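>
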Amino acid sequence: NRNPHLAWSGAPAETKSFALLCWDPDVPTEGTSVNKEGVTVPLDLPRCDFFHWVLADLPPGLRCIQEGQHADGVVPHGKPCGPTPDGGVQGINDYTGWFAGDPSMAGDWGGYDGPCPPWNDERVHGYRFAVYALDVPTLGLKGAFTGHDVRAAMAGHVLDEAKILVRYAINPAAWR
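Numbering-wise, the sequence shown is residues 39 to 214 according to the working numbering.
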């Protein structure tokens with residue numbers, strides 16, 4: 039559960055900050071078949087965005103995040119929101135909601151927590167990493183802000199963006 043190394047270049051000269059989001063748009067919208075023996079999560083089941091990493095207000099001079107700089111293992115009850123080692127601020131990821139009913143794991147899950155698709159999912163998940171160059175020094179987000187909050191706050195402020203897609207599945211049948 040280490041965050042990956044990410045690097046970017048070619049940001050517009052007017053960039054005043056960056057935001058970074060990682061999300062999986064292939065997460066099942068209901069969990070009755072998730073990780074259950076004898077059934078699969080159907081390919082045609084409706085899906086939704088699940089945020090794995092939510093960063094805002096990264097300094098305009100920043101050009102990379104080192105592997106493991108924001109996460110280097112699973113932390114029961116999550117990592118705190120707030121300042122990052124590189125001068126930004128991290129919000130909560132969607133493991134906050136996923137673990138809400140589990141007393142051994144419930145909490146605010148800040149920063150990065152990696153992929154863990156259902157082992158019985160028929161779909162290969164496509165994880166998106168996106169860096170956004172913004173025309174404002176801060177999005178003004180505080181506390182336990184979410185990926186949806188970042189998307190709303192940066193509307194109209196994106197100068198440029200770069201995205202990569204990483205595909206992953208635990209179920210070997212999903213790749214067929």
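Glycine included, each C-beta is placed from N, C-alpha and C at the ideal position. From a predicted model like this one, the values you see are computed outputs, not experimental measurements.
Short of 8 Å in beta carbon distance, which residues of its chain neighbour H163, apart from the five on each side in sequence? Order them along the chain.
So the qualifying residues of the chain are D62, D64, V65, P153, P155, R205, Y206 and A207.
> Quick one: what's got a C-beta closer than 6 Å to L58's C-beta in the same chain, skipping five residues either side?
These residues qualify, in order along the chain: L93 and V169.
> So, E199 versus P80, is the Cβ gap smaller than 8 Å?
No, Cβ-Cβ distance for E199 and P80 is not below 8 Å.
> What first and last residue would you give for the beta strand (DSSP E) that runs through H163?
Per DSSP, H163 belongs to the beta strand (DSSP E) from H163 to L172.
> Taking 7 Å as the limit between beta carbons, can you name the residues of its chain near N39, skipping five residues before and five after?
Within the same chain, N39 has close Cβ partners A109, G111, V112, D151 and G152.
> Under 8 Å between C-beta atoms, does G148 make it to chain C?
Absent from the structure is chain C; it holds one protein chain and no more.
> Assign W213 to buried or exposed, taking buried as 16 or more other Cβ atoms, counted over all protein chains shown, within 10 Å of its Cβ.
W213 is exposed by the Cβ-count criterion.
> On the criterion of 16 or more Cβ atoms from any shown chain inside 10 Å, does K201 qualify as buried, or is it exposed?
Exposed: under 16 other Cβ atoms inside 10 Å.
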